[in-house]
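S.K.: Residue numbers (our numbering): 52 to 395. Sharing a structure with you now.
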C-alpha cells in the first residue's frame with residue numbers, strides 16, 4: 052500500500068512585514084521542502100508527500116494585492132523545479148499549493164494546487180474556486196477560462212499508480228459540491244492543503260471528514276506550521292490540525308500543534324475500490340445520487356455570477372464582499388432567505 056506523508060513545515064515569511072517582500076524566502080522554503088521530501092521518503096517510505104497552502108511564502112496579514120501578485124510564481128517554474136528535482140531523486144509524488152500567475156490573464160493571480168510526478172513533471176493544476184479574497188477564480192473569468200483550458204480544468208483528476216488524485220484548496224472543503232464533483236470525475240484521493248488557524252467550533256474539521264465520507268475518498272489535509280519571523284497570525288490564531296482521513300470519514304493520522312512535523316498513513320486503494328463497488332443499498336452514495344432532481348434547483352438559483360470579474364481584476368476582498376451582499380439581497384427578493392424579525 053502507498054504511504055502518504057503530510058508535512059506541516061516551519062516557513063520563512065516572504066513578507067516579514069506587510070510592506071516588505073523577501074524574495075529569497077520562497078527559494079529557501081522550496082529548498083526546505085526538498086529536504087522534507089527526502090526525509091519523508093527515508094523515514095516513512097513515502098509515495099506521496101503533501102505540503103500545505105502558503106508553504107512557499109507563509110501568510111502575512113495586511114499584504115495588499117500588488118504584494119501577493121508580485122510574490123506569485125509560475126508553475127512549472129524555478130521554485131517548483133526544486134521540488135521536481137526532489138521528486139525525481141526520491142521517486143515520489145509531491146503535492147503543494149502556491150499563488151500563481153498565468154499567461155493570458157495579466158494582472159491577476161490564482162491560488163493553485165499542483166501535483167508533481169516522480170519523473171518531475173507537473174501532472175495536475177487546480178485553481179481554487181471558493182473563498183472571498185483578492186485572487187481571481189476560474190468562475191470570475193469563466194468564458195475566457197474555458198476558451199484557454201476547457202471544462203476538464205475546473206475539476207481536474209490525475210490518474211496515478213497510487214490512485215486517482217484531485218485537489219481542493221483550504222476552505223473549498225466548506226462547499227460539498229467541490230468534493231462531489233471531484234468524486235464524480237473519478238477522484239479517489241483528494242489533496243486539501245490548508246493554512247488554517249485553530250477552529251474552536253471544529254466546523255472546518257467536521258467538513259473535511261464529511262467530504263471524505265460522502266464521496267468515499269481519502270482526504271489529505273496538511274496545515275502550515277509556525278513562521279520563522281514573529282507575526283500576528285502565529286500570535287493570535289494557533290493551528291487547525293493536519294490530518295489524513297479515510298474513505299469512511301475516519302481519521303488515520305492527526306496532529307494539532309504549532310510546530311513542524313510530519314504525519315503518515317497507508318492508503319488502501321484496493322479496499323476503497325472494493326467498498327465503492329459493493330453496493331447493497333448502504334455504501335455507495337455516488338451510485339445512488341439522482342442529479343436530475345438537483346439540476347433544476349441549481350439551474351434556477353441566482354447566486355454568485357459567472358464572469359463577475361471579466362472586465363477588470365479584483366483587487367480587494369471588499370469588492371467580493373459587495374458582490375456577496377448583492378447576491379444576498381437577490382436571495383431575499385426571491386424568498387430564498389427570510390429576514391429576521393425586527394428587534395423588540
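Ideal placement from N, C-alpha and C gives every residue a C-beta, glycine not left out. Quick caveat: nothing in here was measured; it's all calculated off a predicted structure.
Which residues mark the beginning and the end of the alpha helix (DSSP H) in which residue 236 is found?
M.R.: In the DSSP annotation of this structure, residue 236 is not part of any alpha helix (DSSP H), being labelled neither H nor E.
S.K.: With a 10 Å radius around its C-beta and 16 neighbouring C-beta atoms as the bar for buried, classify residue 210 as buried or exposed.
M.R.: exposed
S.K.: Where does the unbroken alpha helix (DSSP H) through residue 289 begin, and where does it stop?
M.R.: Looking at the DSSP string, residue 289 is not in any alpha helix (DSSP H), and its letter there is neither H nor E.
S.K.: Around the C-beta of residue 38, are 16 or more other C-beta atoms found within 10 angstroms, so that it is buried, or is it exposed?
M.R.: Coverage of the chain is limited to positions 52 through 395, which leaves residue 38 absent and any answer about it impossible.
S.K.: May I have the straight-line CA-CA distance separating residue 267 from residue 68, to the nearest angstrom?
M.R.: Residue 267 and residue 68: Cα-Cα distance of roughly 42 angstroms.
S.K.: Using CA coordinates, which residue listed in 339, 330, 318, 193 is at the minimum distance from residue 360?
M.R.: Nearest neighbour of residue 360 by Cα position, chosen from 339, 330, 318, 193, turns out to be 193.
S.K.: Using 8 angstroms as the threshold, is the segment 84 to 99 in touch with the segment 311 to 324, meaning 3 or more CB pairs across them?
M.R.: Result yes; three or more Cβ-Cβ pairs closer than 8 angstroms.
S.K.: Which residue comes first and which comes last in the beta strand (DSSP E) that contains residue 126?
M.R.: Note, residue 126: premise wrong, no beta strand (DSSP E); not H, not E.
S.K.: Tell me which same chain residues have a C-beta within less than 8 angstroms of the C-beta of residue 291, skipping the five on either side of it?
M.R.: 245, 247, 248, 249, 250, 255, 256, 274, 307
S.K.: Roughly how far, in whole angstroms, is the beta-carbon of residue 145 from the beta-carbon of residue 134, given that I think they are within contact range, below 8 angstroms?
M.R.: 5 angstroms
S.K.: So, using beta-carbon positions, are residue 212 and residue 177 closer together than 7 angstroms?
M.R.: no
S.K.: In three-state DSSP terms, what is residue 294?
M.R.: Residue 294 falls in the strand class under three-state DSSP.
S.K.: Only counting the same chain, and skipping five residues up and downstream in sequence, which positions put a Cβ closer than 8 angstroms to that of residue 187?
M.R.: 156, 159, 160, 161, 360, 364, 365
S.K.: Helix, strand or coil for residue 386, going by three-state DSSP, please let me know.
M.R.: coil
S.K.: Would residue 173 be called buried (16 or more neighbouring beta carbons within 10 Å of its own) or exposed?
M.R.: buried
S.K.: Indicate the three-state DSSP secondary structure (helix, strand or coil) for residue 223 in the structure shown.
M.R.: helix
S.K.: Output the residue ranges of the alpha helix (DSSP H) runs that lie fully inside the segment 65 to 119 and measure 4 residues or longer, sorted by chain position.
M.R.: 75 to 95
S.K.: Taking the alpha helix (DSSP H) that residue 261 falls in, what are its first and last residues?
M.R.: Per DSSP, the continuous alpha helix (DSSP H) segment holding residue 261 begins and ends at 254 to 266.
S.K.: Rounded to a whole number of angstroms, what is the C-alpha to C-alpha distance between residue 197 and residue 98?
M.R.: 33 angstroms
S.K.: Please state whether DSSP places residue 195 in a helix, a strand or coil.
M.R.: Residue 195 falls in the helix class under three-state DSSP.
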